[in-house]
Amino acid sequence: MRKTLKFLIASGACLVMAGTGQMSAQAAMNLETDAPVAGASVAINNYYASSLNPEKELAEAFASKEVLAVAGAGQTGVAGGAQTAKPAQVAAETKAQPKETTGETEAVVRAMSKSIYDNIAISRVTNYVNVRAQASTGSEVVGKIYNNCAATILDTVDGEGGKWYHIQSGSVTGYIKAQYFVTGEEASKIAREVGTTYAKVTNTSTLRLRETPSLEGKTLDLLSADAEYEVIGEEGDFAKISVDNDLVGYVYKDYITTQVDFKQAVSVAEEQQQKAEEEKLKQEANAAIENLEQVKKKAEEESRAAETTAAAKETTKAPETSYSGTIEANPSESKAAGTTAAAKETTKAAETKAPTTAAATKATTASGVGPGGGPGTGGTSSSGNEVTNATRSAVVAYAKQFLGNPYVYGGTSLTNGADCSGFTMSVFAHFGISTGRSSRDQAAKGKEVAVSAVQPGDLLFYASGNYINHVALYIGNGQVIHASTAKSGIKISPSNYRTPCKAVSFLN
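When we follow the numbering used here, the leftmost residue of the sequence shown carries the number 48, and every step to the right adds one.
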């Protein structure tokens, strides 16, 4: 488990536009949202940290560079990539300003980088390396540091086998062999690899994701203020956002704040807590599946009891039907009795279908495709609902135990990597339910339900343009679990992190 720290660095800057027929700053911004905006303002946040917090110091360096990008965007007069005219006096002021600001900021960054990277180390290991209480491989392990984690060098000492660093990263302080770190100029070069920048929508409930960095660009989707998104680049007034592996676009900078996410070392206690949480998810999945089997067994027993009762009633009615035909003095009564018997027979015919479903369920389970064999089973309507509800709980619990596992395009492995539809397909396959392979197959094959009526265990679909290209499993409380990107893997997101276009159920 890699612990991370997220650090707020910047939000957008205000555009100043004027002139007859020209788009105002407020009008341009309102194109990007579905909510009215009173105005925009510059809100650049710089947090200065002590030398014992490398994550914040690196973020501080990033923030200084972000000031250049955001301030420059706010002063170019560009809206959506098209040059916009400004009054001469405003243009004159803004032409000189970027040069002055740029020079000062670059000097600060250079000075800051020199002091930061002299004492900052970035781990370069295959998996992880132990952090020790002393500069010796025989001393107590106090934590682990994974690849690309940032650490502050407190001291350099001679230890077992050569040079060791006394470091601090996150809540962990201890010793690591110097060979596992890069420092100085080399650390500076890979600093952007170490930090991942995320954006969060601010000052509006939704923000347009555009196909191109322009206010006239095609709207791909609406992003929610409830989620955060990876920033993979910037162009003018726009940040380039990776929403999912299948959806990349641009958002207007004035409506986002950005954070830099750094990996940190984890202490022994933190690692134990993480393992306990993972074990808890596995236990919850096992308990939910066990409960499902018990509910299905009960439903099958009720189905067999109903079948036995129906057979007993049929045996009792047989002589009555034969005898009723011999009473010629009351033909109307005989006719009524025959009608009643026929009605009961019709009812019994419907009842006899249930054991067939139960038998099919047992056969499916025996074949090894999954412990559930699908939610369908015999029994009463009440027991059928219990099976469906238990199946929903089991599907959700089973899926959640794979949280954090890799995203792999084209993959279907819940442990080694899956893409969005491979993930949902494999989850349902464990319960003997066939969904189809692609997100479009699953959208077509499931029973459609209203997006507003979605229940845990149902699938939500997302589109880019007119084509469905992403699927997620609804887990309740306004959340979905899905295989998102190579960087995030299988994750939990708000269900409205994108705009869902369709919902289906394989459990009704």
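Glycine included, C-beta positions come from ideal geometry on N, C-alpha and C.
{"Asked": "Along the chain, which unbroken stretches of the beta strand (DSSP E) at least 3 residues long are found entirely within the stretch 285–341?", "Found": "285–291, 294–299, 303–311"}
{"Asked": "Per DSSP, what kind of secondary structure is Arg487 in: helix, strand or coil?", "Found": "helix"}
{"Asked": "Restricting to Cα atoms, I'd like to know which of Phe470, Ala491, Gly483, Glu495 is closest to Lys538.", "Found": "Phe470"}
{"Asked": "Here's the rule: buried if 16 or more other CB atoms are within 10 angstroms of the residue's CB, otherwise exposed. What is Thr266?", "Found": "exposed"}
{"Asked": "Please name the residue, chosen from Ser535, Pro547, Leu554, Ser552, that lies closest to Glu275 on a Cα-to-Cα basis.", "Found": "Ser535"}
{"Asked": "Let's see if you can read the secondary structure: which residues bound the alpha helix (DSSP H) around Val518?", "Found": "Here Val518 belongs to no alpha helix (DSSP H); instead the beta strand (DSSP E) covers 514–523."}
{"Asked": "Would you call Thr173 buried or exposed, if buried means 16 or more other Cβ atoms sit within 10 Å of its Cβ?", "Found": "exposed"}
{"Asked": "Can you pull the DSSP bridge partners for Thr532?", "Found": "Gly536"}
{"Asked": "Pick out the complete beta strand (DSSP E) segments inside the stretch 245–287, 3 residues or longer, and give them in chain order.", "Found": "253–257, 266–271, 275–282"}
{"Asked": "Can you have a look at Lys492 and say buried or exposed, based on whether 16 or more other CB atoms are within 10 angstroms of its CB?", "Found": "exposed"}
{"Asked": "Kindly indicate which residue of Gly217, Tyr245, Tyr212, Thr243 has the alpha-carbon position closest to the one of Thr230.", "Found": "Tyr212"}
{"Asked": "Could you pull the DSSP bridge partners for Val455 from this structure?", "Found": "Per DSSP, none; premise fails for Val455."}
{"Asked": "Can Tyr299 and Thr251 be called in contact, C-beta distance under 7 angstroms?", "Found": "no"}
{"Asked": "Looking at Asn194: is its Cβ nearer than 7 angstroms to the Cβ of Ser170?", "Found": "yes"}
{"Asked": "For the beta strand (DSSP E) containing Val498, name the first residue and the last one.", "Found": "That residue, Val498, is in no beta strand (DSSP E); it is neither H nor E in DSSP."}
{"Asked": "Is Ala383 helix, strand or coil when you go by DSSP?", "Found": "For Ala383, the pLDDT reaches just 43, beneath the cut-off of 50, and the residue's location in the model is therefore unreliable, although a value from the coordinates is still provided. Helix, per DSSP."}
{"Asked": "Does the beta-carbon distance from Lys549 to Ala490 come in below 7 angstroms?", "Found": "yes"}
{"Asked": "Please go through the same chain and pick out, in chain order, the residues whose beta-carbon is closer than 8 angstroms to the beta-carbon of Ser314, but skip the five residues on each side of it.", "Found": "Val189, Gly190, Gly217, Ser218, Val219"}
{"Asked": "Opposite Thr243 in the DSSP bridges: which residues?", "Found": "Asp308"}
{"Asked": "According to DSSP, what are the bridge partners of Pro547?", "Found": "Tyr509"}
{"Asked": "Among Lys310, His529, Ala441, which one has its Cα closest to the Cα of Tyr509?", "Found": "His529"}
{"Asked": "Give the DSSP bridge partners of Asn177, in chain order.", "Found": "Lys191"}
{"Asked": "Measuring only the C-alpha atoms, how far is Cys196 from Glu347?", "Found": "54 angstroms"}
{"Asked": "Mapping DSSP to helix, strand and coil, what is Thr435?", "Found": "helix"}
{"Asked": "Where does the unbroken beta strand (DSSP E) through Thr471 begin, and where does it stop?", "Found": "No beta strand (DSSP E) contains Thr471, which is instead part of the alpha helix (DSSP H) from 467–476."}
{"Asked": "Under 8 angstroms: do the stretch 505–519 and the stretch 278–293 share three or more Cβ pairs, one atom per stretch?", "Found": "yes"}
{"Asked": "Can you have a look at Thr253 and say buried or exposed, based on whether 16 or more other CB atoms are within 10 angstroms of its CB?", "Found": "buried"}
{"Asked": "Do Thr546 and Leu262 have their CB atoms nearer than 7 angstroms?", "Found": "no"}
{"Asked": "Indicate whether Ala332 and Ala476 have their beta-carbon atoms separated by less than 7 angstroms.", "Found": "no"}
{"Asked": "Can you check DSSP and say which residues form a bridge with Phe449?", "Found": "Phe449 is not bridged to any residue."}
{"Asked": "In the structure shown, what three-state DSSP assignment does Gly231 receive?", "Found": "helix"}
{"Asked": "Measuring straight from C-alpha to C-alpha, what distance separates Asn177 and Ile223?", "Found": "7 angstroms"}
{"Asked": "Does any heavy atom of the ligand GTP sit closer than 6 angstroms to the C-beta of Ala465?", "Found": "Of ligands this structure carries none, so the ligand GTP is not represented either."}
{"Asked": "Using a 10 Å radius around the Cβ and a threshold of 16 neighbouring Cβ atoms, would you call Thr532 buried or exposed?", "Found": "buried"}
{"Asked": "I believe Asn516 touches Leu256 by the beta-carbon criterion, under 8 angstroms. Please report the beta-carbon distance rounded to the nearest angstrom.", "Found": "Actually they do not touch by this definition, with Cβ atoms about 13 angstroms apart."}
{"Asked": "By Cβ distance below 6 angstroms, which residues in the same chain neighbour Ser440 in space, the five residues on each side in sequence not counted?", "Found": "Ala335"}
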